[in-house]
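Colleague: Before anything else, here's the structure in question.
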Amino acid sequence: MDTPKAGEPIILQSTLPNLYIGIVGTLVLQEGSNFRLAPFAKEFISELVERFNPVFLTRLSTVASLEVARLLEAKFSIAPWRKGLGKVSGIEFGKPFLWIDHTPSPRDLMRLAEERCSARLITVNGRDGVTRGTLTKVEACLAELELVGN
Numbered sequence: 000m001d002t003p004k005a006g007e008p009i010i011l012q013s014t015l016p017n018l019y020i021g022i023v024g025t026l027v028l029q030e031g032s033n034f035r036l037a038p039f040a041k042e043f044i045s046e047l048v049e050r051f052n053p054v055f056l057t058r059l060s061t062v063a064s065l066e067v068a069r070l071l072e073a074k075f076s077i078a079p080w081r082k083g084l085g086k087v088s089g090i091e092f093g094k095p096f097l098w099i100d101h102t103p104s105p106r107d108l109m110r111l112a113e114e115r116c117s118a119r120l121i122t123v124n125g126r127d128g129v130t131r132g133t134l135t136k137v138e139a140c141l142a143e144l145e146l147v148g149n
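Residue numbers for the sequence shown follow numbering that gives the first Met the number 0, so the first one is 0 and each next one is one higher.
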């Protein structure tokens, strides 16, 4: 994959459902000014990469996002979104998806409710990031997505 220019979205084509993932507080934990991968992050991604198209939905720069993807040893798309409209503006509502984040904004929550997609958000504790419990929730939601076909 060619290295994108700064600010350029990275889009992987896939027929799998999208798994939108925040980075900080979800896959990466912040400790003061330092960052480290969440303890379960690599296993979490490796369990889901065959069943989802993983998409970063993050405030981090493209360069920082690519570094996280490298550390996780996985390929990710990076969803472009507009700050004034919230992270949810980067979600493709016409395609099956789940979204994992630790701090969705009130604007994000309202838009999910308007789209009748609130159940597709899985929140995590920003001190722990993704855990085995998060994986269990994602797998249950995936089963529901497959049942309804969206």
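The C-beta atom is built at its ideal place from N, Cα and C for all residues, glycine as well.
1) Grab me the residues of S117's own chain with a C-beta within less than 8 Å of its C-beta, minus the 5 sequence neighbours each way, in chain order.
2) Shortest alpha-carbon distance to I20 belongs to which of G93, S32, K74, F34?
3) For A78 versus L56, is the C-beta spacing smaller than 8 Å?
4) Smallest Cα separation from P95: which of G24, F43, R81, R115?
5) Which residues in the same chain have their Cβ closer than 7 Å to the Cβ of L134, if we skip the five residues on either side of it in sequence?
6) My understanding is that V129 touches A37, with C-beta atoms under 8 Å, so please give their C-beta distance in whole angstroms.
Modeller: In terms of the structure at hand:
1) For S117, the CB contacts under 8 Å within the same chain, skipping 5 residues up- and downstream, are L108, L111 in chain order.
2) K74
3) yes
4) R115
5) F43, E46
6) 6 Å
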